[in-house]
Amino acid sequence: MVVPVIHGVGDTKEFTIWRAVQETPSARFPGGIEQTFHKLRVVVGAHMGREADERFSGVAFDAAQIGPWMVKQPVKRSVSIEDSRGLKTTHEINADRTDSFGPTADGITYLFGSNVETKTEDYLSYGFETQPGVHMDFSDVKTCAESMDRVERTAELLSLLVGEHVEPQAIRLYGREEKSGFNLLYEFRPPSARKLMRAAEVLAPLPNIRGIFPAVLDAWDRERPRMRDVVSLLLDAIDRDAPQTHLRMLLLAQALEAFHRNVVGGAYMSPNDYESVRQALTAAIPAQVEKDHRNALTSRIRFGNELSLRTRLKQLVNSLADDSLTQLGIDGKTFVGEAVDARNDYTHWVLEREQNRPDGAPLGNLVSNLLAIAQLVVLKHLGVAEELVVDQMKKFSWRYLRRYQAIVEPEEGAERPES
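Residue 1295 in this note's numbering is what sits at position 361 of the sequence shown, and the numbering runs on without skipping anything.
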């Protein structure tokens, strides 16, 4: 049962549920019934009408990685030792803890920063809690769906710049007439238990791209429609729940192929010239070929003007500076062949190729190379300097360009080295 909107009161707070799929009610003892929903959006704090009718003037979300990306400490701490009074610790809230950009070409003003709250419980704890986030103010009011889309696309861009998956942990919508915020609860994964990355490790930190960041925002809004699939594949490959190595290889190979097809483009021949070739090849299919086989051949011929993965990868590699590949330890010539063979061997398995199919350390190194090149071409297309990204990858190769070495077991009967 799809429930378009439900109004209710829970824990003394009014709330509105949109896009909820109602699950089967269950008994809750003693003497109650528990109703649950999934795939829901819950706006906490105000009764509202239909989702399509409501409009919002802004949206904000929290994400821990925004902190190290900004490289701005929200709270400054100092410790000093005084002669007779012992240890002295002081905390100062940083007045310069925000960065504002915009309005952009699509009328969005971005405010990045950290919310700071004091957390004091006598005899137990004294200090601050900080939560990095971004507030987006709209020049024209937007629906909830449009606001959520803005959250999604901003989180995607930050993921590319940070170098790891940025996941919103809380979302707030802002009403049209007043600036009060409504917390938006939605279906998302529990917060990551991974340790927060250091500011120095961020792939493209804000201080390094501050001057071009407005242009990057505009480029992302302009290019996202044809890059959305590319970025989804790339982020799946670097997600904290990333799949096995061979699946990451397939995701990254597909991401690079999609980037070239959607962004770079190109074909072996012009569409007009290929049309006569297509017709001739289709007509040349022998009459004895059965219908299903004929349809399959016709489909392949129809897409026969599409560039091969090998050609696409060659062009992408050639678009990068030779020095970039050298610094990253990537041989552009062998990389293309290895990537194409690996993609084919894992997609179209044949017994004769089984021993040639990469696994273990060789496959891990190939995935590192695919990821580095994918991040390079995507960020370069958005206007981030290639040398800046390469420099960060070199400095923190353990994060961005991991190298694996195969463990070779000595042959049977061979002497083992003394430990």
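From the three backbone atoms N, C-alpha and C, an ideal C-beta is built for every residue, glycine too.
Looking at the DSSP output, Asp1071 shares a beta bridge with Gly992 and Thr1043. Taking a cut-off of 8 Å for Cβ pairs, the region 1170-1189 and the region 1297-1317 touch, as three or more such pairs fall below it. Exclusion of the five residues before and after Glu1063 leaves Glu1051 and Lys1053 as the residues of its chain whose Cβ lies within less than 6 Å of its Cβ. A contact is defined here as three or more CB-CB pairs under 8 Å, and the region 1074-1086 fails this definition with respect to the region 1125-1143. Ranked by how close their Cα comes to the Cα of Ser1014, the residues Gln1007, Pro1008 and Thr1023 have Thr1023 in first place. A straight line joining the alpha-carbon of Trp1332 with that of His1227 spans about 48 Å. For Leu1247 and Phe949, the gap between their C-alpha atoms comes out near 51 Å. If the five residues before and after Val1136 are omitted, its C-beta is found closer than 7 Å to the C-beta atoms of Pro1002, Trp1003, Val1096 and Gly1097, all from its own chain and listed in chain order. Cα atoms of Arg1106 and Asp1033: separation of roughly 19 Å, rounded to the nearest angstrom.
Taken through DSSP and simplified to helix, strand or coil, Arg975 comes out as strand.
Sixteen is the threshold: when 16 or more other Cβ atoms of the shown chains lie within 10 Å of the Cβ of Ala954, as they do, the residue is buried.
Per the DSSP secondary-structure output, Leu1118 pairs in a beta bridge with Val977 and Ile1105. Secondary structure note for Lys1314: its alpha helix (DSSP H) is the uninterrupted segment Gly1294 to His1315. Going by C-alpha positions, Glu1026 is about 10 Å away from Gln1007. Boundaries of the beta strand (DSSP E) harbouring Glu1016: Val1009 to Glu1016, taken from the DSSP string. For Ser1331, the uninterrupted alpha helix (DSSP H) segment begins and ends at Ser1331 to Tyr1334.
For Gly1020, the three-state secondary structure derived from DSSP is strand. Secondary structure note for Asp1056: it is in no alpha helix (DSSP H), with a DSSP letter that is neither H nor E. With three or more CB-CB distances shorter than 8 Å, the region 1308-1315 counts as touching the region 1253-1272.
Taking Arg1031 as the centre and dropping the five residues before and after it, the same chain places the C-beta of Lys1006, Pro1008, Gly1047 and Ser1048 closer than 6 Å to its C-beta, in chain order. When rounded, the separation of the alpha-carbon atoms in His1180 and Gly1298 is 8 Å. Val1301 sits away from Leu1119, with the two beta carbons spaced by 9 Å or more. Residue environment for His1282: exposed (fewer than 16 other C-beta atoms within 10 angstroms of its C-beta). Partner residues in the beta bridge of Gly1061, as assigned by DSSP, are Lys1053. Secondary structure of Thr1038 (DSSP, three-state): coil.
Here Leu1215 has Ile1235 and Gly1238 as same chain residues with Cβ atoms under 8 Å from its own Cβ, once five neighbours each way along the sequence are excluded.
One Cα belongs to Arg1277, the other to Ala997, and the distance between them is close to 34 Å. Thr1038 is positioned such that its CB atom lies no closer than 9 Å to that of Asp1163. Going by DSSP, Phe1237 is part of no alpha helix (DSSP H) at all; its letter is neither H nor E. The C-beta distance from Leu1167 to Ala1192 rounds to 7 Å, short enough to meet the 8 Å contact threshold.
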